Amino acid sequence: MTTIKDVAQHAGVSTATVSRVLNGHAAPTPETRTRVLAAVDELGYRPNALARSLRTTSTQTLGLVISDLVNPFFAEIARAVEEEARDHGYCVIVANADESADQQATYVRTLLDRRVDGLLVCPATDDPAWIAEVEARDVPLVLLDRTVPQATCPVVRADGAQALADLADALRSAGHRRVGVIAGPAHTSTGRERLEQFARGGLELVVVHGDFRRESGARAAADLLTRADRPTALVAMDNLMGLGALEELRRRGLRVPADVGLAVYDDQPWFPLLDPPITVIAQPTVEMGREAARSLLALVAGEQPADVQLAARLVVRGSCGEATGAA
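Going letter by letter, the sequence shown gives residues 3 to 329 in our numbering.
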């Protein structure tokens, strides 16, 4: 029996695009719609009317799979998503992938089985295998914060390129030349992109990868601080790794910024209250969550929202100071 996947493969499009055409929604282009309808005719595909009727019964619920509920960044995003969804009469089921691809796949499948009207996912890794299952179930999907190769669904994220360039300039102005970077995992888009963007700033970088967890930030800082050519400043590419780095600095009795400068990607309410206040790259977290919910609700309504890219910004405080012993 011909399936929707067969039609998608024959037409060279995603199953979600085939479903949109068959349900009367706008295709990306008129040519795409023509190609899909031609594939339907050539293969003799007949949609399952019962399955379609079940899928069009709204549950007024959305699924949100986030990478790590312990991370304040994602907790704030989850709250913003829930508030925006509630304003439109929807409830949100939140699942914590715990930075695990397997856990993420389990929760995605569970939410699909609960027949949510749409899914918001912050991918734990680059692995796109789970997306095919979402498309096969004809469930609207939006990616949040991170991307997945070959994914064709809308993405809502922040662009930190300019903020990272500004941070490199600020560190250079403070006399820093050799900077230790606690980067995120290379199997995530944010882990790769933040490092690549910061590397364009012209500083000498010493890089250690963490896993977006506090413990990995402490381990990476310990590695960087015991090197013979110890960096004069550390930059942690996420708030939890930044806390771990600060913890290690204090454990070693090193003063910020007198002995080592520190900057962190992601702001938190307590960072300005520390002594010294921490220089950060602040993301528009609440706006990201609300925009992601709006994009998903637009998909649920049969619209085709564009990707949303918001700007992060550098907030200079007192933790980078003047470099000590900088070359």
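Cβ atoms here follow ideal geometry from the backbone N, Cα and C, with glycine treated the same way.
Treat the numbers as computed from the prediction; the structure is a model and nothing was measured.
Next on the checklist: Under 8 Å: do the segment 99-111 and the segment 304-322 share three or more Cβ pairs, one atom per stretch?
Outcome noted: Contact fails: fewer than three Cβ-Cβ distances are below 8 Å.
Item to check | Residues near Lys-7 by beta carbon distance below 7 Å, same chain, minus five either side | outcome: Taken in chain order, the residues that qualify are Thr-17 and Ala-138.
Item to check | Alpha-carbon to alpha-carbon, Pro-151 and Leu-333 | outcome: The displayed coordinates of the chain run from 3 to 329. Any statement about residue 333 would go beyond what the structure contains.
Item to check | Whole-Å CB distance - Ile-283 paired with Gly-182, under 8 Å assumed | outcome: Not confirmed; about 16 Å, so no contact.
Next on the checklist: Going by DSSP, what residue range makes up the alpha helix (DSSP H) through Arg-196?
Outcome noted: Note, Arg-196: alpha helix (DSSP H), 191-201.
Item to check | 8 Å contact criterion, which Val-210 and Ala-222 should meet: CB distance rounded | outcome: Sure, about 4 Å apart at Cβ, within 8 Å.
Next on the checklist: Rounded to whole angstroms, what is the Cα-Cα separation between Leu-39 and Val-23?
Outcome noted: Cα-Cα distance, rounded: 8 Å.
Checklist entry - Are Thr-154 and Asp-119 touching if we call contact CB-CB under 8 Å? => result Contact check for Thr-154 against Asp-119 fails: the beta carbons are separated by 8 Å or more.
Checklist entry - Of all the options Arg-229, Arg-215 and Val-123, which has the alpha carbon lying nearest to the alpha carbon of Leu-245? => result Answer by Cα proximity: Arg-215.
Checklist entry - Using CA coordinates, which residue listed in Glu-44, Ala-97 and Val-83 is at the minimum distance from Asp-70? => result For Asp-70, the nearest C-alpha among the options comes from Ala-97.
Item to check | Delimiting residues of the beta strand (DSSP E) encompassing Tyr-109 | outcome: No beta strand (DSSP E) holds Tyr-109; the alpha helix (DSSP H) holding it covers 103-115.
Next on the checklist: Taking the straight line between their C-alpha atoms, what separation do you get for Asp-261 and Phe-273?
Outcome noted: One alpha carbon belongs to Asp-261, the other to Phe-273, and they sit about 19 Å apart.
Checklist entry - Quick one: what's got a C-beta closer than 6 Å to Arg-37's C-beta in the same chain, skipping five residues either side? => result So the list reads Ala-13, once near-sequence residues are dropped.
Checklist entry - So His-12 is in the alpha helix (DSSP H); what residue range does that whole segment cover? => result Start and end: 6-13.
Checklist entry - Can you pull the DSSP bridge partners for Val-123? => result Partner residues in the beta bridge of Val-123, as assigned by DSSP, are Val-67 and Leu-145.
Checklist entry - Span of the alpha helix (DSSP H) holding Gly-73? => result For clarity, residue 73 is Asn in the given sequence; the question names Gly instead. Counting along the chain, Asn-73 falls outside any alpha helix (DSSP H), and DSSP gives it neither H nor E.
Checklist entry - By Cβ distance below 6 Å, which residues in the same chain neighbour Val-310 in space, the five residues on each side in sequence not counted? => result Once the five neighbours on either side are set aside, the close Cβ partners of Val-310 are Val-158 and Glu-293.
Item to check | DSSP bridge partner residues for Ile-133 (one or two, in chain order) | outcome: None; Ile-133 has no bridge partner.
Item to check | Glu-324, DSSP secondary structure in three states | outcome: Of the three classes helix, strand and coil, the one that applies to Glu-324 here is coil, per DSSP.
Checklist entry - Are Phe-75 and Thr-281 close, meaning C-beta to C-beta below 8 Å? => result Not a contact, by the Cβ cut-off of 8 Å.
Checklist entry - Roughly how many angstroms separate the alpha carbons of Leu-121 and Arg-194, rounded to a whole number? => result Going from the Cα of Leu-121 to the Cα of Arg-194 covers about 25 Å.
Checklist entry - Is Arg-229 closer than 8 Å to Leu-205 when the C-beta atoms are compared? => result Cβ distance not < 8 Å, so Leu-205 and Arg-229 don't count as in contact.
Checklist entry - Does the Cβ of Val-15 have 16 or more other Cβ atoms within 10 Å, making it buried, or fewer, making it exposed? => result Val-15 comes out buried.
Checklist entry - Quick one: what's Gln-311 bridged to in DSSP? => result Per DSSP, Arg-159.
Checklist entry - Taking the alpha carbon of Glu-85 as the point to measure from, which residue in Met-290, Ala-126 and Ala-185 has its own alpha carbon closest? => result When only C-alpha atoms are compared, the closest one is Met-290.
Checklist entry - Based on the DSSP output, what are the partners of Asn-98 in its beta bridges? => result Bridge partners of Asn-98 according to DSSP: Ile-68.
Item to check | Span separating the alpha-carbon of Asp-248 from that of Arg-202 | outcome: Note that residue 248 is Leu in the sequence shown here, rather than Asp. Their backbone Cα atoms lie some 25 Å apart in a straight line.
Checklist entry - What's the gap between the Cα of Gln-270 and the Cα of Thr-234? => result Gln-270 and Thr-234 have their C-alpha atoms spaced approximately 24 Å apart.
Item to check | C-alpha distance - Asp-225 paired with Glu-135, whole-angstrom precision | outcome: Between the alpha carbons of Asp-225 and Glu-135 lies a distance of about 41 Å.
Checklist entry - How many whole angstroms separate the CB atoms of Arg-196 and Gly-212, which I take to be in contact at a CB cut-off of 8 Å? => result For Arg-196 against Gly-212, the beta-carbon gap comes to about 12 Å, at or over 8 Å, which does not count as contact.
Item to check | Euclidean distance between Cα positions of Ala-41 and Ala-172 | outcome: The straight-line gap from Cα to Cα measures roughly 56 Å.
Item to check | Straight-line gap, Thr-19 to Val-123 (C-alpha atoms, nearest Å) | outcome: Distance between the alpha carbons of Thr-19 and Val-123: 19 Å.
Checklist entry - Curious, which full-length alpha helix (DSSP H) runs of at least 4 residues does the segment 278-305 contain? => result Residue ranges of uninterrupted alpha helix (DSSP H) with 4 or more members, entirely inside the segment 278-305 and ordered along the chain, are 287-302.
Checklist entry - So is Leu-275 buried or exposed if we call it buried at 16+ other beta carbons inside 10 Å? => result Taking every protein chain shown into account, the CB of Leu-275 has fewer than 16 other CB atoms within 10 angstroms, so this residue is exposed.
Item to check | Start and end residues, beta strand (DSSP E) containing Pro-236 | outcome: Per the sequence shown, residue 236 should be read as Leu rather than Pro. For Leu-236, the enclosing beta strand (DSSP E) has its first and last residue at 235-238.
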